[in-house]
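Chemist: Mind looking over this structure? Questions follow.
Residue numbers (our numbering): 6 to 262.
Set out below in structure tokens:
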């Protein structure tokens, strides 16, 4: 009897093959990281969130969800606190690109022709694009030229009206939202047992000069690891974000696939 799940790896191979072989079923690949997210949340936030978005969206559009990438590109000081912080465990760009290229090619070999990469870690963005580009190029060399890949990050679907609801005192900007209201609210809505808001540190949004320095200067990053305060996060805000992002992504994929 077929297993009732959207997670590809939970299926026996004949059931998976029957679903994927003709190319009609989209494959979702969540891409995250192991990165510190302040004192109040675990280090796999960037894996949990895109995987859960993928699960919900897959149920809506009849897709399958591949196992997530649990390591990502190096944390940048101005968007993730920096790769120097304990616990953050990252890949070189070339490693991530090569792994993504190989996985995309493998799903195409299985028969998949509709692939969606759901990003949960900002710093992955350009390496995802490179992995896709190399995979499609090599697939064309093999005579496979009908694979379509959609790449998206869930936060890009948060519109201005939603931002106004979430940040009544003003929006600090996505670049310093690491570990702040957005991610903390989503975690409170989805995984409240993994959030200890009492340990969250309330501080002013981080400020940085208009240049970068390598090695990074640890004093530039707030000691908490978050770049803005998560104290205004709530389950209710997380549920608003879920509705807006899932709805927007479902619409986008129905248009593209």
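Glycine included, each C-beta is placed from N, C-alpha and C at the ideal position.
Assign residue 82 to one of two classes, buried (16 or more other C-beta atoms within 10 Å of its C-beta) or exposed (fewer than that).
Modeler: Position 77 of the chain shown holds residue 82. Residue 82 should be labelled buried.
Chemist: Would you mind sorting residue 198 into buried or exposed? The rule is 16 or more other CB atoms within 10 Å of its CB.
Modeler: Numbered from 1 along the chain shown, position 193 holds the residue referred to as residue 198. Residue 198 is exposed by the Cβ-count criterion.
Chemist: Output needed for residue 243: all residues of its chain with C-beta closer than 6 Å, excluding positions within five of it in sequence on either side, in chain order.
Modeler: One-based indexing of the chain shown puts residue 243 at position 238. Closer than 6 Å at the Cβ level, and outside the excluded window around residue 243, lie 190, 191, 193 and 194.
Chemist: Any contact of the segment 245-259 with the segment 51-63, i.e. 3+ C-beta pairs under 8 Å?
Modeler: Flag = yes, the segment 245-259 and the segment 51-63 touch.
Chemist: Tell me the residue span of the beta strand (DSSP E) that contains residue 264.
Modeler: No statement about residue 264 is possible, as the shown extent of the chain runs from 6 to 262 and does not include it.
Chemist: Three-state secondary structure (DSSP) at residue 176?
Modeler: Locating residue 176 in the chain shown gives position 171, counting from the first residue. Coil.
Chemist: For the segment 147-154 against the segment 66-79, are there 3 or more C-beta pairs whose distance is under 8 Å?
Modeler: Touching, no.
Chemist: Run through DSSP, which three-state label would residue 39 get?
Modeler: As a position in the chain shown, residue 39 is number 34, starting the count at 1. Strand at residue 39.
Chemist: Mark residue 56 as exposed unless 16 or more other C-beta atoms lie within 10 angstroms of its C-beta, in which case mark it buried.
Modeler: Translated into positions along the chain shown, residue 56 becomes position 51. Looking at its Cβ environment, which holds 16 or more other Cβ atoms inside 10 Å, residue 56 is buried.
Chemist: Short check: CB of residue 181 to CB of residue 211, under 8 Å?
Modeler: If you number the chain shown from 1, residue 181 lands on position 176. If you number the chain shown from 1, residue 211 lands on position 206. Yes, the pair counts as a contact, with Cβ atoms nearer than the cut-off.
Chemist: Do the segment 97-106 and the segment 68-80 meet, that is, are 3 or more Cβ pairs less than 8 Å apart?
Modeler: Yes: at least three Cβ pairs fall under 8 Å.
Chemist: Buried or exposed: residue 173, going by 16 or more other Cβ atoms within 10 Å of its Cβ?
Modeler: Start at 1 with the first residue of the chain shown, and residue 173 comes out as number 168. Classification for residue 173: exposed.
Chemist: Using the DSSP secondary-structure output, state which residues sit across from residue 122 in a beta bridge.
Modeler: Looking up residue 122 in the chain shown gives position 117. 34 and 156.
Chemist: Is it right to say residue 118 is buried, meaning 16 or more other beta carbons lie within 10 angstroms of its own, or is it exposed?
Modeler: Counting from 1 along the chain shown, the entry for residue 118 is found at position 113. It is buried - the Cβ of residue 118 has at least 16 other Cβ atoms within 10 Å.
Chemist: Please determine if the segment 14-29 and the segment 41-54 are in contact, where contact requires at least 3 C-beta pairs separated by less than 8 Å.
Modeler: Contact fails: fewer than three Cβ-Cβ distances are below 8 Å.
Chemist: Residue 208 and residue 227 look like a contact to me (Cβ under 8 Å); what is the Cβ gap, rounded to whole Å?
Modeler: Within the chain shown, the letter at position 203 stands for residue 208. Within the chain shown, the letter at position 222 stands for residue 227. Correct: roughly 6 Å between the Cβ atoms.
Chemist: For the alpha helix (DSSP H) containing residue 55, list its first residue and its last residue.
Modeler: As a first step, residue 55 is located in the chain shown; it is residue number 50 there, counting from the start. Looking at the DSSP string, the run of the alpha helix (DSSP H) that includes residue 55 is 50-66.
Chemist: What does residue 269 pair with, by DSSP beta-bridge criteria?
Modeler: It is not possible to answer for residue 269, since the shown part of the chain is limited to 6 through 262.
Chemist: Using only CA atoms, which one of 52, 33 and 71 lies nearest to residue 266?
Modeler: Outside the displayed range of the chain (6 to 262) lies residue 266, so it cannot be described from this structure.
Chemist: So who's on the other strand from residue 96, going by DSSP bridges?
Modeler: Here residue 96 refers to the residue found at position 91 of the chain shown. According to DSSP, which records beta bridges pairwise, residue 96 is partnered with 78.
Chemist: Quick check: the Cα distance between residue 159 and residue 134, rounded to an integer number of angstroms?
Modeler: In the chain shown, counting from the first residue as 1, residue 159 sits at position 154. In the chain shown, counting from the first residue as 1, residue 134 sits at position 129. Whole-angstrom Cα-Cα distance: 16 Å.
Chemist: What residue range is occupied by the uninterrupted alpha helix (DSSP H) comprising residue 250?
Modeler: Position 245 of the chain shown, counting from 1, holds the residue named residue 250. Taken as a continuous stretch (DSSP letters only), the alpha helix (DSSP H) holding residue 250 covers 240-261.
Chemist: Using only alpha-carbon positions, find the residue among 144, 95 and 138 that is nearest to residue 128.
Modeler: As a working note, residue 128 is residue 123 in the chain shown. Closest option to residue 128, Cα to Cα, is 95.
Chemist: Quick check on the DSSP output: the alpha helix (DSSP H) that includes residue 46 runs from which residue to which?
Modeler: Taking the chain shown and counting its residues from 1, the one referred to as residue 46 is at position 41. It is not in any alpha helix (DSSP H) - residue 46 carries neither H nor E in the DSSP assignment.
Chemist: For residue 12, list the residues DSSP reports as bridge partners.
Modeler: Sequence index remark: in the chain shown, residue 12 carries index 7 (1-based). Bridge partners of residue 12: 70.
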